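K.L.:
In order, the protein sequence lines correspond to chains A and B. Residues in the first sequence are numbered from 1 upward in steps of one, following my numbering. Residues in the second sequence are numbered from 1001 upward in steps of one, following my numbering. The beta carbon of each residue, even a glycine, is placed where N, CA and C say it ideally should be. A quick note: this is a predicted structure, and the numbers were derived from the prediction, not measured. Dumping the structure here so I can ask a few things about it.
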Amino acid sequence: MIMALRRSILAAFLSMVVALLALSPAFAVQPDEMLKDPALEARARALSEGLRCLVCQNESIDDSNAPLAKDLRLLVREKLKAGDSDKQIIDFIVSRYGEFVLLKPRFEPHTWLLWLATPLVLFAALAAIIFGYRRRESVAEAPKPLTASEKRRLKRLVGES
Amino acid sequence: MIAETGHYALILALGVAIVQMVLPIIGTRYRDPQLTAIAVPAAQAEFILIAIAFFALMTAYVTSDFSVANVYQNSASEKPLLYKISGVWGNHEGSMILWVLILSLFGAAVATFGTNLPRQLQANVLAVQGSIAVAFLLFIVTTSNPFVRLNPAPFEGLGLNPVLQDPALAFHPPFLYTGYVGFSMAFSFAVAALIDGHIDAAWARWVRPWTLAAWMCLTLGIAMGSWWAYYELGWGGFWFWDPVENASLMPWLAGTALLHSALVMEKRDALKVWTILLAIITFSLSLMGTFLVRSGVLTSVHAFAVDPSRGVFILAIMGVFIGGAFALFAWRAPLLSQGGLFAPISREGSLVLNNLLLTVACAAVLVGTLYPLALEALTGAKISVGPPFFNLTFVPLIVPLLIAVPFGPMLAWKRGDLLAAAQRLVAAAIASLVVIVGVLAYTQKGPWLAPLGIGLGIWLIVGAATDLAYRVKLFGASRDEVWRRLRNLPRSTFGTTLAHAGLGLVVIGIISTTAWRAERIEALAPGATLDIAGYQLTFEGVTEHQGSNYKARVGTFKVTRGGSPVTELTPSKRAYVVEKNSTTEAAIHDSWRGDLYVVLGDQLKDGAYSVRVYFNPMVRLIWIGALVMFFGGGVSLSDRRLRVGAPKRAQAKATAAPAGE
Chain A
1 MIMALRRSIL
11 AAFLSMVVAL
21 LALSPAFAVQ
31 PDEMLKDPAL
41 EARARALSEG
51 LRCLVCQNES
61 IDDSNAPLAK
71 DLRLLVREKL
81 KAGDSDKQII
91 DFIVSRYGEF
101 VLLKPRFEPH
111 TWLLWLATPL
121 VLFAALAAII
131 FGYRRRESVA
141 EAPKPLTASE
151 KRRLKRLVGE
161 S
Chain B
1001 MIAETGHYAL
1011 ILALGVAIVQ
1021 MVLPIIGTRY
1031 RDPQLTAIAV
1041 PAAQAEFILI
1051 AIAFFALMTA
1061 YVTSDFSVAN
1071 VYQNSASEKP
1081 LLYKISGVWG
1091 NHEGSMILWV
1101 LILSLFGAAV
1111 ATFGTNLPRQ
1121 LQANVLAVQG
1131 SIAVAFLLFI
1141 VTTSNPFVRL
1151 NPAPFEGLGL
1161 NPVLQDPALA
1171 FHPPFLYTGY
1181 VGFSMAFSFA
1191 VAALIDGHID
1201 AAWARWVRPW
1211 TLAAWMCLTL
1221 GIAMGSWWAY
1231 YELGWGGFWF
1241 WDPVENASLM
1251 PWLAGTALLH
1261 SALVMEKRDA
1271 LKVWTILLAI
1281 ITFSLSLMGT
1291 FLVRSGVLTS
1301 VHAFAVDPSR
1311 GVFILAIMGV
1321 FIGGAFALFA
1331 WRAPLLSQGG
1341 LFAPISREGS
1351 LVLNNLLLTV
1361 ACAAVLVGTL
1371 YPLALEALTG
1381 AKISVGPPFF
1391 NLTFVPLIVP
1401 LLIAVPFGPM
1411 LAWKRGDLLA
1421 AAQRLVAAAI
1431 ASLVVIVGVL
1441 AYTQKGPWLA
1451 PLGIGLGIWL
1461 IVGAATDLAY
1471 RVKLFGASRD
1481 EVWRRLRNLP
1491 RSTFGTTLAH
1501 AGLGLVVIGI
1511 ISTTAWRAER
1521 IEALAPGATL
1531 DIAGYQLTFE
1541 GVTEHQGSNY
1551 KARVGTFKVT
1561 RGGSPVTELT
1571 PSKRAYVVEK
1581 NSTTEAAIHD
1591 SWRGDLYVVL
1601 GDQLKDGAYS
1611 VRVYFNPMVR
1621 LIWIGALVMF
1631 FGGGVSLSDR
1641 RLRVGAPKRA
1651 QAKATAAPAG
1661 E
């Protein structure tokens, strides 16, 4: 059992793609799960793509064929049929399974850094470039003298030609 | 006996690597030429010994020697030869051997072909390479020895995971590793320069070919992995923002930035400190990728059993090399001189912009990958970071970069003229506008941003071609003059054009398949038909088929388009007997319009089969584009300027042909 699990982990590394390869791939949404109303079904698919399959490695419930993912897909569709809004459905699923289920984390105190890190890095880097440029303009440097070994190499190169 | 030979060679290699790490450094420190000179034969011997170990393991696989535990766990006698060979790196221990083999190959290459390097730099570079080899060989010998024997030897092995029994995947890890490990050369050169406390434009010239080779292999490796995922996993997707994928994307982004900054350093002697830092960052990301995947940090959340001692060991390796390199950088970087002033609007300036956006995009991927791990470790709160996060952070950084790409090569060094560059790019702008309008007229519905994305791809391709056209004076000079200029252009210029145009192809492929993919999921009884993207598929039923080491159920679909037959598609489901596992083999009909992608599902209660059909418009361009980028890198690498050892021959020729460069 452990070997099988380990193999699947190794598989993940090799593939550089999806970790839980031990699960047979393909077939996520089944034809019999789908809703008759194309508009509702489209909403169901869009919602499913943002919800994580809890027992999988970074797969949405739309992509996963794990039984739990199927249950969630059916749950989403039942709620849609009952007339719930997208937000109500997401809130319900989060209240039941926790924030882990969301592939797009909410903007809350514990994820501020996650969302703001990229813009912060961008502005810090921009500031560093502008600051560095200003400073370099003010102190233009004279070229350094050659080191002893460079002088020897130069002599050799010049001597050769 | 063969396994023991391999084991012995591995331990000898560790001993040689220790010599390679220690003596040359002492030699350069105390100016002892004999100690310094040890670096070259040591690096060569290290490579030979690791190659012996690698081939010993391969022999055990090919002969199905199940008394070796590693072979027993990952191979079976029924398996086709190709997968017996690829099975060597299809597991943790073997892949680590491949890792150090490639590492020592690069070291031996520097030792053998780097004869034009200053002795001291070469010795220091090899010593740093040696230290990386020591760390990983120690890791292999103490925690991941592939040569452990089993007693009594089992009759049959457990087999290789069936989804890995695939030609693309057989060659995917070696390319990926060559990319990862290739960046160790840039790292070693950077650390050697820091130890030396001195760096110049020649340094960049020596580093660039190694970085370019690593970048090419990583590009191809990632593309192969993505192509494999596309046709093997049966989702029709090509990129999933999975942490494991991100682990390979981050070194690629940093490595791409490094290639460009090394260019500035080589031509203009500027951005030196930054280039050194970037070289360290790139290899650190490669190491981190190895750590993330090898240690099981990424999978621990999901209750996998992973050997924790391995994780701790790799974490220690990572800490020593990344921490050590950054400490050295903080200590020695102030000694390095800054040179080469330039105006903000210049070739250098455009490459700074390239570096800014690439590294920040890389940071976005890094944060998205590590944040959930850090948050869980610190607060216990579990969150998921999936594709929506990366679409919101990564994409807005890459789009301006892509818009800026054609400007770069048009600007002059030191001080460029943006207006003149823009004027030259008018043709590219018109071409992309025409395409945008054409696509809008053709699709007539959303997503509305998609045509702009296609226009961006055209902008990149035509922009790259424009640069070449201006360089050879395609319009305005005589045909002989154009031909003469074309022949005299350095090959690296063609490399740039190809790589940037390839990027444009990738963009078009990604945008069109993401925006306009069609999908049908239906329950089909034999005889039923299904329409998608102008194709009609008739399901003819399912037959049983016996493969070399699997049994398959094969569905047959007749495909017609507008009444005329196109092809027959046979998607299947394979059950692997030894591995007790199954795979889904999608059937794909490819054309320039796009791929018709059919997956056969399970039989439903009423006898019908669930069938999933996609039409992925122009998806092939993603991989064709990546191949063009790879090829562009190769053309650039063949430039005389970059060839290792070329300067000497160039000198000899210089008298005969002074117009060379």
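1) For His1007 of chain B, count the other beta carbons within 10 Å of its own beta carbon; 16 or more makes it buried, fewer makes it exposed. Which is it?
2) Taking DSSP's pairing of strands, which residues face Val1598 of chain B in a bridge?
3) Please tell me whether Asp91 of chain A has its Cβ less than 9 Å away from any Cβ of chain B.
4) When Cβ atoms are compared, which residues of the region 41–58 of chain A fall closer than 7 Å to chain B?
5) For chain B, find out if any of its Cβ atoms is closer than 9 Å to the Cβ of Lys104 of chain A; answer yes or no.
6) Does the ligand NAD have a heavy atom nearer than 8 Å to the CB of Pro105 of chain A?
7) Of the residues B:Gly1090, B:Val1619, B:Thr1256, B:Leu1212, which one's Cα is nearest the Cα of Leu1057 of chain B?
8) Give me the Cα-Cα distance between Ala1412 of chain B and Ser1346 of chain B, rounded to the nearest whole angstrom.
9) For Pro1400 of chain B, write down the residues that DSSP places opposite it in a beta bridge.
10) Does any residue of chain B have a CB that is nearer than 9 Å to the CB of Pro31 of chain A?
11) Between His1007 of chain B and chain A, is there a C-beta pair that is closer than 9 Å?
12) For Lys1445 of chain B, count the other beta carbons within 10 Å of its own beta carbon; 16 or more makes it buried, fewer makes it exposed. Which is it?
13) Under 9 Å, CB to CB, which of the residues in the region 1592–1604 of chain B have a partner in chain A?
14) Keeping to the same chain, check which residues put their C-beta closer than 7 Å to that of Asp1590 of chain B; ignore five residues upstream and five downstream.
15) So, at 8 Å on beta carbons, what are the nonlocal neighbours of Thr1708 of chain B in its own chain, with the 5 sequence-adjacent residues on each side left out?
16) Does the region 1485–1496 of chain B touch the region 1602–1615 of chain B, meaning 3 or more C-beta pairs lie closer than 8 Å?
17) Quick one: measure Cβ to Cβ for Ala103 of chain A and Ser60 of chain A, integer angstroms, because I've assumed they're closer than 8 Å.
18) Using the beta-carbon count (16 or more within 10 Å), is Lys151 of chain A buried or exposed?
19) What is the DSSP secondary structure of Trp1555 of chain B, reduced to helix, strand or coil?
20) What's the C-alpha gap between His1500 of chain B and Ala1361 of chain B?
21) With a threshold of 9 Å between beta carbons, is Lys131 of chain A in contact with chain B?
22) Can you pull the chain A neighbours of Tyr963 of chain B, defined as C-beta to C-beta under 9 Å?
23) Return the bridge partner residues of Ala1523 of chain B from the DSSP annotation.
24) Between the C-alpha atoms of Trp1667 of chain B and Pro1334 of chain B, what's the straight-line distance to the nearest angstrom?
25) Rounded to whole angstroms, what's the CA-CA distance from Asn65 of chain A to Leu1419 of chain B? Just pull it up for me.
26) Could you check where the beta strand (DSSP E) with Pro1565 of chain B kicks off and where it finishes?
27) Which residues in chain D sit within 8 Å of Gly159 of chain A, going by Cβ to Cβ distance?
28) For Asn1518 of chain B, which residues does DSSP report across the bridge?
29) With 16 as the cutoff for other CB atoms within 10 Å, does Asp62 of chain A come out buried or exposed?
30) By Cβ distance below 7 Å, which residues in the same chain neighbour Val1191 of chain B in space, the five residues on each side in sequence not counted?
31) Do we get a CB-CB distance below 9 Å when we pair Arg153 of chain A with the residues of chain B?
32) Given a threshold of 16 other Cβ atoms within 10 Å of its Cβ, counted over all protein chains shown, does Phe1615 of chain B qualify as buried or as exposed?
33) Measuring only between beta-carbons, confirm whether Asp63 of chain A sits less than 9 Å from chain B.
34) What separation, rounded to the nearest whole angstrom, lies between the Cα atoms of Ser1064 of chain B and Gln1122 of chain B?
35) Count the other C-beta atoms from every protein chain shown that fall within 10 angstroms of the C-beta of Ala1214 of chain B, then say buried if there are 16 or more, exposed otherwise.
36) Quick one: which unbroken alpha helix (DSSP H) runs of 4-plus residues sit fully inside the region 1422–1494 of chain B? Chain order, please.
P.N.:
The structure says:
1) Working through the second sequence from its first residue, we reach residue 1007 of chain B at position 7. By the 10 Å Cβ count, His1007 of chain B comes out buried.
2) In the second sequence, residue 1598 of chain B corresponds to position 598, counting from 1. Val1598 of chain B is bridged to B:Ala1587, B:Val1613.
3) For the purposes of this step, residue 91 of chain A is taken as the residue at position 91 of the first sequence. For Asp91 of chain A, the nearest beta carbon of chain B is not closer than 9 Å to its own beta carbon.
4) Result list: Gly50, Arg52, Gln57, Asn58.
5) Position 104 of the first sequence, counting from 1, holds the residue named residue 104 of chain A. For Lys104 of chain A, the closest Cβ of chain B is nearer than 9 Å.
6) Absent from the structure shown: the ligand NAD. Ligands present: none.
7) Taking the first residue of the second sequence as 1, we reach residue 1057 of chain B at position 57. By alpha-carbon distance to Leu1057 of chain B, the top candidate from B:Gly1090, B:Val1619, B:Thr1256, B:Leu1212 is B:Gly1090.
8) Position 412 of the second sequence, counted from the first residue, corresponds to residue 1412 of chain B. Position 346 of the second sequence, counted from the first residue, corresponds to residue 1346 of chain B. A straight line joining the alpha-carbon of Ala1412 of chain B with that of Ser1346 of chain B spans about 6 Å.
9) Along the second sequence, read from residue 1 onward, the residue named residue 1400 of chain B stands at position 400. Paired residue(s): none; Pro1400 of chain B is not in a bridge.
10) Taking the first sequence and counting its residues from 1, one reaches residue 31 of chain A at position 31. Interface residue (Cβ-Cβ distance to chain B less than 9 Å): Pro31 of chain A is classified as such.
11) The count along the second sequence starts at 1 and reaches residue 1007 of chain B at position 7. Taking Cβ atoms only, chain A never reaches closer than 9 Å to His1007 of chain B, which makes this a no.
12) Counted from its first residue, the second sequence places residue 1445 of chain B at position 445. It is exposed - the Cβ of Lys1445 of chain B has fewer than 16 other Cβ atoms within 10 Å.
13) Taking 9 Å as the Cβ-Cβ cut-off against chain A, the residues of the region 1592–1604 of chain B that qualify are Val1599, Leu1600, Gly1601, Asp1602, Leu1604.
14) Locating residue 1590 of chain B in the second sequence gives position 590, where the first residue counts as 1. Excluding positions up to five away in sequence, the list reads Arg1620.
15) This structure cannot speak to residue 1708 of chain B, because chain B is shown only from 1001 to 1661.
16) At 8 Å Cβ cutoff, the stretches do not touch.
17) As a first step, residue 103 of chain A must be located in the first sequence, where it is residue number 103. As a first step, residue 60 of chain A must be located in the first sequence, where it is residue number 60. According to the sequence provided, residue 103 of chain A is Leu. The question's Ala does not apply to it. With 8 Å as the limit, Leu103 of chain A and Ser60 of chain A qualify as a contact, their Cβ atoms being about 6 Å apart.
18) Taking the first residue of the first sequence as 1, we reach residue 151 of chain A at position 151. Its Cβ having fewer than 16 others within 10 Å, Lys151 of chain A is exposed.
19) Here residue 1555 of chain B corresponds to residue number 555 of the second sequence, with the count starting at 1. Strictly speaking, residue 1555 of chain B in this sequence is Gly, with Trp absent from that position. In the structure shown, Gly1555 of chain B sits in a strand (DSSP, three-state: E or B).
20) Here residue 1500 of chain B refers to the residue found at position 500 of the second sequence. Here residue 1361 of chain B refers to the residue found at position 361 of the second sequence. Computed Cα separation, rounded: 18 Å.
21) Here residue 131 of chain A refers to the residue found at position 131 when the first sequence is read from its first residue. Looking at the sequence shown, residue 131 of chain A is not Lys but Phe. False, the Cβ-Cβ gap to chain B never drops below 9 Å.
22) The structure shown does not extend to residue 963 of chain B, since chain B is modelled only from 1001 through 1661, so no value can be given for it.
23) Numbered from 1 along the second sequence, position 523 holds the residue referred to as residue 1523 of chain B. DSSP, once it has assigned bridges, lists B:Ser1610 as partnering Ala1523 of chain B.
24) With chain B covering 1001 to 1661 only, the question about residue 1667 of chain B has no answer from this structure.
25) To locate residue 65 of chain A, count along the first sequence from 1; it is residue 65. To locate residue 1419 of chain B, count along the second sequence from 1; it is residue 419. Within the model, the alpha-carbon separation for Asn65 of chain A versus Leu1419 of chain B is close to 55 Å.
26) Numbered from its first residue, the second sequence carries residue 1565 of chain B at position 565. Here the beta strand (DSSP E) through Pro1565 of chain B covers 1564–1569.
27) In the structure shown, chain D cannot be found, because the protein chains are A and B.
28) Residue mapping note: residue 1518 of chain B aligns to position 518 of the second sequence, counting from 1. Checking the sequence shown, residue 1518 of chain B turns out to be Ala, not Asn. BP columns for Ala1518 of chain B point to B:Phe1615.
29) Numbered from its first residue, the first sequence carries residue 62 of chain A at position 62. By the 10 Å Cβ count, Asp62 of chain A comes out buried.
30) Translated into positions along the second sequence, residue 1191 of chain B becomes position 191. Taken in chain order, the residues that qualify are Val1128, Ala1325, Leu1328.
31) Position 153 of the first sequence holds residue 153 of chain A. Closer than 9 Å to some Cβ of chain B, the Cβ of Arg153 of chain A qualifies, so yes.
32) Position 615 of the second sequence, counting from 1, holds the residue named residue 1615 of chain B. Buried.
33) The sequence position of residue 63 of chain A within the first sequence is 63, counting from 1. Yes, contact with chain B.
34) Looking up residue 1064 of chain B in the second sequence gives position 64. Looking up residue 1122 of chain B in the second sequence gives position 122. In this model, Ser1064 of chain B and Gln1122 of chain B are separated by some 41 Å (Cα to Cα).
35) As a position in the second sequence, residue 1214 of chain B is number 214, starting the count at 1. Taking all protein chains in view, the Cβ of Ala1214 of chain B is crowded by 16 or more other Cβ atoms within 10 Å, so the residue is classified as buried.
36) Runs of the alpha helix (DSSP H) lying entirely within the region 1422–1494 of chain B, each at least 4 residues long, are 1426–1443, 1450–1471, 1479–1488 in chain order.
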